[in-house]
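Chemist: Numbering (my numbering), first residue to last: 28 to 110.
Glycine included, C-beta positions come from ideal geometry on N, C-alpha and C.
Given the structure is predicted, the values throughout are model-derived calculations rather than measurements.
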């Protein structure tokens, strides 16, 4: 069991060995669930979506999907407007 110190701001820092155990890297998130009796459960926050959720993302509602050439033109036009 690990003991952590609460700062004056009410913050707790998880040590590197705990983060490695969770498989969490800098910039990633953890989720915390409140349990009965004043306990909490800390887990690595993992995406819950599936790759199939992205299927038909670029499909037009009226007509066929965009072609690669159409997508490239839209991308090029977008970048040209930001320069």
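Does residue 62 come out as helix, strand or coil in the three-state DSSP assignment?
Modeler: As a working note, residue 62 is residue 35 in the chain shown. In the structure shown, residue 62 sits in a strand (DSSP, three-state: E or B).
Chemist: Tell me, which residues are paired with residue 57 by DSSP?
Modeler: Against the chain shown, residue 57 aligns to sequence position 30. Beta-bridge pairing links residue 57 to 71.
Chemist: Beta-carbon within less than 7 Å of residue 62's beta-carbon, same chain only, minus the 5 sequence neighbours each way: which residues are those?
Modeler: To locate residue 62, count along the chain shown from 1; it is residue 35. Once the five neighbours on either side are set aside, the close Cβ partners of residue 62 are 68.
Chemist: Quick one: what's got a C-beta closer than 8 Å to residue 101's C-beta in the same chain, skipping five residues either side?
Modeler: The residue labelled residue 101 in the question sits at position 74 within the chain shown. Taking C-beta separations shorter than 8 Å and ignoring five residues to either side along the sequence, the partners of residue 101 in its chain run 93, following chain order.
Chemist: Ordered along the chain, which non-local residues of its own chain (more than five positions away) have a Cβ less than 7 Å from that of residue 45?
Modeler: As a first step, residue 45 is located in the chain shown; it is residue number 18 there, counting from the start. Contacts found: 29.
Chemist: In the DSSP assignment, find the unbroken alpha helix (DSSP H) run with residue 45 in it and report its ends.
Modeler: Here residue 45 is taken as the residue at index 18 of the chain shown, counted from 1. 43 to 49 is the span of the alpha helix (DSSP H), which, as asked, contains residue 45.
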